[in-house]
Amino acid sequence: MEMISICILLILSLVIIFSGGKSGNSITPFLVKGNTSGIGQGMIFAILCFAGFEGSSTIAGQSSNPKRSIPFAILSTIIGAAAFYLIVSYAQVIGFGVSNISKLASSSAPLDYLGVIYMGNSMATIIDFATLMSCFAAFLGSVNACAYMLFALSGKQYLPKSLSKFDLKLSSPKNAVNTTSIICILLYILIGIPFGPEEIYASLAEIGAISLLIVYLLVCLGTIFYFKNVSKEHFSVPRHLIVPIVGFVILLFPLWTNLYPVPKFPSNLYPYIVALWIIIGWVISLFNHPKNDLSSSLIDIKN
Amino acid sequence: MNYSKIVHLSNGNSVWTRTEGEGPIKMLLLHGGPGMTHEYLEPFSKFIKNKPIQIIYYEQLGSYYSDQPDDASLWNIPRFCEEVEEVRKAWGLENFYLYGQSWGGMLAMEYATRYGSHLRGLIDSNMVDDMKDYEIYINKLRDSMDSEDVAFMKDKEAKNEIDDPHYEELVMKLYQSCICRLNPWPDAVNRSFDHTNEQVYVTLQGPTEFTITGSLKTWSIRDRLQHIKAPTLLLGGEYDSMNPDVIRSMTNRFPNAQSHICPQGSHFSMWDDNKDYFKAIDDFLKKVEKTKP
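Chains A and B supply the protein sequences, listed in that same order. Using our numbering, the first residue of the first sequence is number 1279, and each one after it goes up by one. Using our numbering, the first residue of the second sequence is number 29, and each one after it goes up by one.
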């Protein structure tokens, strides 16, 4: 389903690029101009766009050759998504015109707009349909990723045991999927209905992006720690020291620009919410030492 | 073949155009507003199917799909006429039909007085030739509303509180009787209204259809219509916000014009009296095409 949406967006993007957009193809969209903190703030959205690229790792236990297939899945997702975002973003910028960038920024449906301009009303309708499909696919993907996350945490005994139940008939962690869906519905009732769907999306996306940044920062540090102390025989200076340090420094930039200058309410509360969430997780992990990984044993049963 | 073309104007801005259909009859469409969009003219796409007609949708400068410079000095008739001429040149149009609706009709007539030699025909839809006439008639229509409502509206206008929700409700009530009589309004009409460039609209027209405070307030082309030689069709609607009697009488002021008033139509007759409206255009095109250019 998502592939259809991707193809539709690529067709529109290529039509824009080959027609030259508003004022011709240009290198200008790639040039850095203005305040650098804008790049940091923009990076949050870039990170959000890539969020979930590592999702395939949560189902490593269910793949026949995880050491081969999971790195391939992760790498191809990153490269494919980067190429796709680059093409579509460039097409959007030249489609609106470099001099009309504020119009792109304020547009509520930029691809629909470009669809009308470059390919007519029918394409705009197809684009809207593709966006809807994409939203649905993203929702399914997110629910699935969250459910497997709960499943994995439950398997490690950080969460109630019932969440690690795997329904062999449905080939799915049924209880974790149901729990995730119920949480989504509750959040929609509590925040979505009174404040609007845009607000719940914007708020959760911002909180999620800050959390992700911290997770990625910790992964960088964890990589160094793990290969230096646990998997010593595989340790490589470029891969397990230099690359994580570079990644750490790069990721600090968007985190800093989103903390300072202090954003307006309610965004100023989000870092505290994330900090509180991390503390809760830390406290749980302090008092709840995992004994057996239940998810592994269940997957063994499946195999 | 349907395709879009961005036309770069000599003032550095660009405007969006798109052609649909194929055939020897070329027609450039000028939307109204001022500052609205081509979207409410979408019934033309259906009209030209299986006909030898090529239409060109065109979004005037300042409108949603074209550049929208924040410069009120650009919103005047002479500059818009030059813009139309640049669009004509970009498409290489000669012996073409120029269609204009409402403000687009005003612009089409103005263009015809300047560049009439390029025209094969002119279609002025739902536009009279004198703003004073228009103002009197639309206010007459407004005054036919419930007297309490009229008093309320006038009071809000005097206090400059036209963003009052009840006032907006009453404006919509009036619009539904003389702008578009379909209920609910078609999506394309709603989109055109939603996408209207307020700066263009207010600068030329004013805050509403019946509070004319913009630069068009004193506009009249009545004494210049005699110079428009191209065969002309004057379209109106019996329920239009433009007085149908004035549209009928305009026929006498053109050297070669005919009028048609859609019996069920209002200002957007292409929607609320669709068949009659497009039959009138079709008949006109056939009639003109029979004569040698």
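Just so it is clear, CB atoms sit at the ideal spot from N, CA and C, and this is done for glycine as well. Bear in mind the structure is a predicted one, so any value in this text is a computation, not a measurement.
Item                                                                                                                             : Value
Check whether PRO214 (chain B) and TRP299 (chain B) have beta carbons under 8 Å apart                                            : yes
Of the residues B:GLU266, B:VAL228 and B:LYS318, the one placed nearest THR65 (chain B), counting alpha carbons only             : B:VAL228
Under 7 Å by beta carbon: chain B residues contacting ASN1378 (chain A)                                                          : ASP95
Residues within the region 216-232 of chain B neighbouring chain A, beta-carbon criterion of under 7 Å                           : none
Length at least 4, wholly inside the region 1517-1546 of chain A: the alpha helix (DSSP H) runs in chain order                   : 1521-1537
Own chain residues within Cβ distance below 6 Å of GLU48 (chain B), not counting five before or after                            : ASN30, SER73 and ILE83
Residue ranges of each beta strand (DSSP E) within the region 48-108 of chain B, 3 or longer                                     : 53-58 and 81-86
Of the listed residues B:GLY90, B:GLN292, B:LYS182 and B:LYS79, nearest to ASN41 (chain B) (C-alpha basis)                       : B:GLY90
Below-8 Å beta-carbon distance, GLY1398 (chain A) vs any chain B residue                                                         : yes
Listed by chain order, chain B residues near VAL1394 (chain A) by CB distance under 8 Å                                          : TYR93
From B:GLU237, B:SER248 and B:LEU58, residue whose alpha carbon lies closest to that of VAL115 (chain B)                         : B:LEU58
Min CB distance LYS1506 (chain A) to chain B below 8 Å                                                                           : no
Alpha-carbon to alpha-carbon, SER1442 (chain A) and PHE1429 (chain A)                                                            : 5 Å
Beta-carbon gap between ILE207 (chain B) and PHE306 (chain B) smaller than 8 Å                                                   : no
Endpoints, alpha helix (DSSP H) assigned at THR260 (chain B)                                                                     : Counting along the chain, THR260 (chain B) falls outside any alpha helix (DSSP H), though it belongs to the beta strand (DSSP E) covering 260-265.
Distance between GLN88 (chain B) and ARG107 (chain B) (C-alpha atoms, nearest Å)                                                 : 11 Å
Proximity below 8 Å, CB of ILE5 (chain B) to CB of ASP157 (chain B)                                                              : Chain B is shown from 29 up to 321; residue 5 (chain B) falls before or after that span and cannot be answered.
Contact with chain A by TRP44 (chain B), beta-carbon distance below 8 Å                                                          : yes
Assigned exposure category for ALA1416 (chain A) - 16 Cβ within 10 Å defines buried                                              : exposed
Residue burial classification, ASP1578 (chain A) (beta-carbon count within 10 angstroms, cutoff 16)                              : Residue confidence for ASP1578 (chain A) is low, a pLDDT of 45 falling below 50, so the modelled location carries little weight and cannot support an answer.
Proximal residues to SER1432 (chain A) (C-beta, below 6 Å), its chain only, five neighbours per side dropped                     : LEU1441 and SER1442
8 Å Cβ cutoff met for VAL217 (chain B) and TYR92 (chain B)                                                                       : no
Delimiting residues of the alpha helix (DSSP H) encompassing GLN129 (chain B)                                                    : Premise fails: GLN129 (chain B) lies in the beta strand (DSSP E), 124-129, not in any alpha helix (DSSP H).
Cα-Cα separation between PHE1531 (chain A) and TRP103 (chain B), rounded to whole angstroms                                      : 45 Å
Counterpart residues of ILE34 (chain B) in DSSP-defined beta bridges                                                             : B:TRP44
CA nearest to the CA of LEU126 (chain B), picked from B:ILE151, B:GLU111 and B:GLU138                                            : B:ILE151
8 Å Cβ cutoff met for ILE256 (chain B) and GLY144 (chain B)                                                                      : yes
For GLN286 (chain B), three-class secondary structure by DSSP                                                                    : strand
When A:ASN1507, A:SER1334, A:ALA1408 and A:SER1563 are compared against ILE1233 (chain A), the one with the closest alpha-carbon : The structure shown has nothing for residue 1233 (chain A), since chain A only spans 1279 to 1581.
Assigned exposure category for SER1283 (chain A) - 16 Cβ within 10 Å defines buried                                              : buried
Straight-line Cα distance separating ILE81 (chain B) from SER287 (chain B)                                                       : 22 Å
DSSP state of GLY149 (chain B) mapped onto helix, strand, coil                                                                   : strand
Minimum C-alpha distance to GLY1500 (chain A) - residue among A:SER1489, A:ILE1488, A:ALA1329 and A:HIS1518                      : A:HIS1518
In DSSP terms, what ASP174 (chain B) is bridged to                                                                               : In DSSP, ASP174 (chain B) forms no bridge with anything.
Proximity test, Cβ basis, 8 Å: SER32 (chain B) and chain A                                                                       : yes
Distance between beta carbons of GLN233 (chain B) and GLY242 (chain B), contact taken as under 8 Å                               : 5 Å
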